[in-house]
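S.K.: Structure provided below as structure tokens; questions to follow.
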Amino acid sequence: MNDDRFLERLRDDAPRLRYQPDDVLLTRLTARVRERVASQPTVESFLARWFRPLAASLVALALAATVGVQWYERAQQQSTTLEAAMSADPIEVSVDGNTYTLSH
Amino acid sequence: MNFAATMSWGRAFELVPHEATTSHPSDDPIERRAIEAVKNGDAGSYEYLVSKYMKRVVSIAWGIVRNAADAEDLAQEAFVRAFQTIDRFKSGEPFGPWVFRIVTNLSLDVMKHRTRFRHEEIGEDEPAARRDRADLPAMSGELARRIDDAIQSLPEMQRIVARLYLVEQFEHSEIAAMTGLSAGTVRSHLSLARGKLREKLADLYE
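The listed protein sequences correspond, in order, to chains D and L.
Numbers given in this note's numbering equal positions in the first sequence, counted from 1, plus 996.
Numbers given in this note's numbering equal positions in the second sequence, counted from 1, plus 46.
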């Protein structure tokens, strides 16, 4: 018998070595695949999963920026008010009969 | 006809042949329609494909990893991955070879991992082939046992290629596509395997 004929005959006999899962196992595996396939994320849920934390971070940043701007504006306003008060009401200091005026 | 309704998970079992080969989908219009339905978002239609190819996919995985539990996990994983990447699947192509390729690659990854940790997993006096023979219900008779022993004694890639060719009945080009080897390398592995098998099985095939 030559090599090719040997391989041919072996190939005829070998399929009996195929693993044969029983119907119970096949049903169980199919059910598992079904379960996993059904729980696959949809496009909407996938996007939501990524965008929710991103949106939360952006909101936090926006809030911080708003508070910062408010605080800065208020500080600027207080400084302006003080300067205005100083200009409107100059301070006079008398030393040795001479009067000095402090103003902005 | 509402295809999705007729292809529900429960009914698919009534429609499928129990054992699938690598037939072209044109031979099976239900398969072609199932693929299109899955691509259009009908996950229920996937059961037809799972039912049709599961048996073969488990057998391929088992032939490589020789462990029933691993083979079941690999088959399951292969179908889930095939589903996740169904958009990349070219319509009109047969689904079988695609999922066979996925399960082969997953199984080869398991083998690579095992090779890395071989000393921890397999004792010197307990070859994996013998340990897992209980998983093989078809293993009856002296001839089958001898062939199985002979195939299992081959070096890893020769064993995998020989098993895909002899047991699973794939052609060289199909094995090449499944394993990522060139057709020439597949032929070379098979040729080397043939020599060793002939030596071991000389008394049976003379």
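Using N, Cα and C, we set each Cβ at its ideal position, and we do this for glycine too.
1. Using a C-beta cutoff of 8 Å, does residue 72 of chain L count as contacting chain D?
2. Identify, in the order they occur along the chain, each residue of the same chain with its Cβ nearer than 6 Å to the Cβ of residue 232 of chain L, setting aside the five sequence neighbours on each side.
3. Cβ of residue 88 of chain L less than 8 Å from any chain D Cβ?
4. Using C-beta distances below 6 Å, list every residue in its chain close to residue 173 of chain L, excluding the 5 sequence neighbours before and after it, in chain order.
5. Check the C-beta distance from residue 130 of chain L over to residue 1025 of chain D and give it rounded, since I have them as a contact under 8 Å.
6. Distance check for residue 1052 of chain D and residue 80 of chain L, CA to CA, integer angstroms please.
7. Taking the Cβ atom as the reference point for each residue, do residue 6 of chain L and residue 145 of chain L lie within a distance shorter than 8 Å?
8. How is the alpha helix (DSSP H) around residue 96 of chain L delimited, first residue to last?
9. On the three-state DSSP scale, how would you describe residue 1090 of chain D?
10. Leaving out five residues before and five after residue 1089 of chain D in sequence, what residues of the same chain have Cβ atoms less than 6 Å from its Cβ?
11. What are the uninterrupted segments assigned as alpha helix (DSSP H) that are 4 or more residues long and contained completely in the region 183 to 233 of chain L, given in chain order?
12. Tell me, please, whether the region 196 to 213 of chain L touches the region 99 to 114 of chain L by the rule of three or more beta-carbon pairs shorter than 8 Å.
13. At a CB-CB cut-off below 7 Å, which residues of chain L make contact with residue 1022 of chain D?
14. Using a threshold of 8 Å, state whether the C-beta atoms of residue 103 of chain L and residue 118 of chain L are closer than that.
15. Any idea what DSSP makes of residue 131 of chain L, helix, strand or coil?
M.R.: In brief:
1. A caution first: residue 72 of chain L carries a pLDDT of 49, below 50, which makes its placement in the model too unreliable to give a value.
2. 207, 218, 221, 222
3. no
4. Because the pLDDT of residue 173 of chain L is 47, which lies under 50, any placement of that residue in the model is unreliable, and the number read from its coordinates should be weighed accordingly. Hits under 6 Å: none found.
5. That pair is no contact at about 17 Å.
6. 41 Å
7. Only positions 47 to 252 of chain L appear in the structure, and residue 6 of chain L is not among them; the question remains open.
8. Going by DSSP, residue 96 of chain L is part of the alpha helix (DSSP H) stretching over 92 to 111.
9. strand
10. Once the five neighbours on either side are set aside, the close Cβ partners of residue 1089 of chain D are 1096.
11. Correct list: 188 to 198, 202 to 208, 218 to 225.
12. yes
13. 100, 101
14. no
15. In this structure, residue 131 of chain L counts as coil in the three-state DSSP scheme.
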